[in-house]
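So the protein sequences, as listed, match chains A and B. Positions 1 to 113 (the numbering used here) are the ones given, in order, by the first sequence. Positions 1 to 228 (the numbering used here) are the ones given, in order, by the second sequence. Beneath this line is the structure, given in structure tokens, with notes to follow.
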Amino acid sequence: MHELSIAMSIVEMAQEEGERRGVQVNAVHLKLGALSGVVKEALLSSYEMACADTPLQGSRLIFEEVPVVVFCPTCQAQRTLGSVQWFCCSECGTPTSEIVQGKELEVTALEIQ
Amino acid sequence: MNPEPRLVEVRKNVLKQNDFVARALRDRFRSAGVSVISLVSSPGSGKTAFLEKTLTLLRPNYRVAALVGDLATENDAVRLARSQAAVKQITTGTLCHLEAAMVDKALEQWQDLSQLDFLFIENVGNLVCPSSYDLGEDLRLVLISVTEGEDKPLKYPTIFNSADVAIVTKVDLADAVEFNWEAAYSNIQAVRPGMRVFRVSAKTGEGMEEYLGFLRGRLAELRQAATV
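As structure tokens, then:
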């Protein structure tokens, strides 16, 4: 359960950014990869705790969930993975561990006022 | 009146602080010519026994040291010290994983890393949280014991994708627990195609020589790359 420390980093990051711009942050947009190692539900409840008694209190965490995309050496193309239990090309079935995206854990935008 | 809400782009990696420290560690390890190998697994998969055996077998010919992470107690460090290698415990308190800054801090007393050939980092027993944190290691081993069942890779694909090599431990118990090697191997390959897998027993020594040969080769490669 490392989601609380991750939530605290997110809140800290958003708070700094809000203060730097002299604005109030209403929502934080987060890109969350399926292979980030972070569980969305756990992060969501941790976020609420991490926001308590900070200027971010009452703000929302908005997820953009990123599926795993791999590179297929046979098709020479990027393919979205059907399941993280099966790393292979969704078209031709070639096994591949070349991950193009899916490990993201990134604050992409802030909704400010 | 309050202005209308609007969206501003930020684009910041949440773990950038950890990644930054990990990158600095990796540079430091490379320039010192030390091969740094971390171990992740669930609790009770035999990490400490495997590491103790590794240190004991390497020590006559190599300069080895280990950092060992645990929530509490220094029991593992005491066990590993029996190998006569330099061992340091990192007690994480309530934290379920090691972070790069903890490794950095633990190395404060070991400034001259060029005095080492291999440095091992044993993570806290956990197959979830350590996957998000780069420790600057050259190689990450994920361990599963035959007593855990063959489907661990399917349950924890993320940790398998953060690791480079899989080690199946306690193979001396394989028959007793009716471990299905083919199923385990194909599950590992399903979540991480091409992943190298070693089968070992720290108790009987089975498979250790092949694995140590791999580590020796890795060290030679690392030093070769440094001189180019």
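We put the CB at the ideal spot given by N, CA and C, even for glycine.
Exercise. Which residue comes first and which comes last in the alpha helix (DSSP H) that contains Gln-24(A)?
Worked result: Annotation: Gln-24(A) is outside any alpha helix (DSSP H) and is labelled neither H nor E by DSSP.
Exercise. Given that a residue counts as buried once 16 or more other Cβ atoms are within 10 Å of its Cβ, and exposed if not, what is Met-13(A)?
Worked result: buried
For this session: Pull out every residue of the region 23-39 of chain A whose Cβ sits closer than 7 angstroms to any Cβ of chain B, in chain order.
Result: Asn-26, Leu-35, Ser-36, Gly-37, Val-38
Exercise. Given a limit of 8 angstroms on CB to CB distance, which residues of the region 142-165 of chain B reach chain A?
Worked result: Leu-154, Pro-157, Thr-158, Ile-159, Asn-161, Ser-162
Exercise. Considering only residues of the same chain and omitting the five flanking positions on each side of Val-124(B), which have a CB-CB separation below 8 angstroms?
Worked result: Gly-69, Asp-70, Leu-71, Thr-92, Leu-95, Cys-96, His-97, Leu-98, Pro-130, listed in sequence order.
Exercise. In chain order, what residues of the same chain have a beta carbon less than 7 angstroms from the beta carbon of Leu-58(B), not counting five sequence neighbours either side?
Worked result: Val-64, Phe-118, Leu-212
Exercise. Identify the residues that DSSP records as bridge partners of Val-34(B): which are they?
Worked result: In DSSP, Val-34(B) forms no bridge with anything.
For this session: For Thr-80(A), write down the residues that DSSP places opposite it in a beta bridge.
Result: Val-69(A)
Exercise. Which of the three DSSP states, helix, strand or coil, is assigned to Ser-45(A)?
Worked result: helix
Exercise. CA-CA distance, Ala-77(B) and Lys-88(B)?
Worked result: Each residue's alpha carbon lies about 6 angstroms from the other.
Problem set entry | Against chain B: residues of the region 48-64 of chain A by CB proximity under 8 angstroms | None of the residues of the region 48-64 of chain A has a beta carbon lying less than 8 angstroms from any beta carbon of chain B.
For this session: Work out the CA separation of Thr-54(B) and Ile-229(B) for me, nearest whole Å.
Result: The shown model of chain B, from 1 to 228, leaves out residue 229(B), and the question about it has no answer.
Problem set entry | Beta-carbon separation (whole angstroms), Thr-48(B) vs Leu-80(B), contact threshold 8 angstroms | 7 angstroms
Problem set entry | Cys-51(A) (DSSP reduced to helix, strand or coil) | helix
Problem set entry | Near-chain A residues of the region 180-198 of chain B - C-beta to any C-beta below 9 angstroms | Asn-187, Gln-189, Ala-190, Val-191, Arg-192, Pro-193, Gly-194, Met-195
Exercise. Relative to the alpha-carbon of Val-70(A), which residue among Val-191(B), Glu-221(B), Arg-223(B) has its alpha-carbon at the smallest distance?
Worked result: Val-191(B)
Exercise. Can you give the beta carbon distance from Glu-210(B) to Phe-198(B), rounded, assuming they're within the 8 angstroms contact cut?
Worked result: 6 angstroms
Problem set entry | Among Ala-202(B), Phe-120(B), Ala-101(B), the one whose alpha carbon lies nearest that of Val-146(B) | Ala-202(B)
For this session: Anything in chain B within Cβ reach of Glu-111(A), meaning under 7 angstroms, just list it in chain order.
Result: Near Glu-111(A) (Cβ distances below 7 angstroms), the residues of chain B are Pro-5, Leu-7.
Problem set entry | Amino acids of chain B, ordered along the chain, whose beta-carbon sits closer than 8 angstroms to that of Leu-4(A) | Simply none; closest approach about 10 angstroms.
Exercise. So which of Leu-107(B), Leu-154(B), Gln-84(B) has the shortest CA-CA distance to Val-84(A)?
Worked result: Of all alpha-carbon atoms in Leu-107(B), Leu-154(B), Gln-84(B), the one lying nearest the alpha-carbon of Val-84(A) is that of Leu-154(B).
Problem set entry | Listed by chain order, chain B residues near Gln-85(A) by CB distance under 8 angstroms | Leu-154, Pro-157, Ala-190, Val-191
Exercise. So, do the region 81-101 of chain A and the region 43-50 of chain A have three or more beta carbon pairs nearer to each other than 8 angstroms?
Worked result: no
Exercise. Expressed to the nearest angstrom, what Euclidean distance is found between the alpha-carbon atoms of Glu-9(B) and Ser-5(A)?
Worked result: Approximately 23 angstroms between the Cα atoms of the pair.
Exercise. At a CB-CB cut-off below 9 angstroms, which residues of chain A make contact with Asn-13(B)?
Worked result: What Asn-13(B) touches in chain A, judged by beta-carbon distance under 9 angstroms, is Glu-104, Leu-105, Glu-106, Val-107, going in chain order.
For this session: Counting only runs of 3+ residues fully inside the region 118-159 of chain B, write out the beta strand (DSSP E) ranges in chain order.
Result: 118-122, 139-145
For this session: Go through its chain and collect everything with a Cβ distance to Asn-180(B)'s Cβ below 8 angstroms, but skip five positions before and after it.
Result: These residues qualify, in order along the chain: Glu-150.
For this session: Rank Arg-223(B), Val-171(B), Tyr-156(B) by C-alpha distance to the C-alpha of Val-40(B) and give the top, closest one.
Result: Tyr-156(B)
For this session: Would you check if the distance between the CB atom of Gln-15(A) and the CB atom of Pro-67(A) is smaller than 8 angstroms?
Result: no
Exercise. According to DSSP, is Ser-5(A) helix, strand or coil?
Worked result: helix
Exercise. Using a beta-carbon distance cut-off of less than 7 angstroms, what residues from the region 108-142 of chain B approach chain A?
Worked result: Val-128, Cys-129, Ser-131, Ser-132
Problem set entry | Residue environment, Arg-21(A), which counts as buried when at least 16 other CB atoms sit within 10 Å | exposed
Problem set entry | Spatial distance of Leu-35(A) from Thr-96(A) (CA atoms) | 15 angstroms
Problem set entry | Residues that DSSP places opposite Glu-108(B) in a beta bridge | The partner list for Glu-108(B) (beta bridge, DSSP) is empty, contrary to what the question assumes.
Exercise. Going by other Cβ atoms of all chains shown within 10 Å of its Cβ, with 16 needed for buried, is Glu-122(B) buried or exposed?
Worked result: buried
Problem set entry | Simplified DSSP assignment, three categories, for Glu-64(A) | strand
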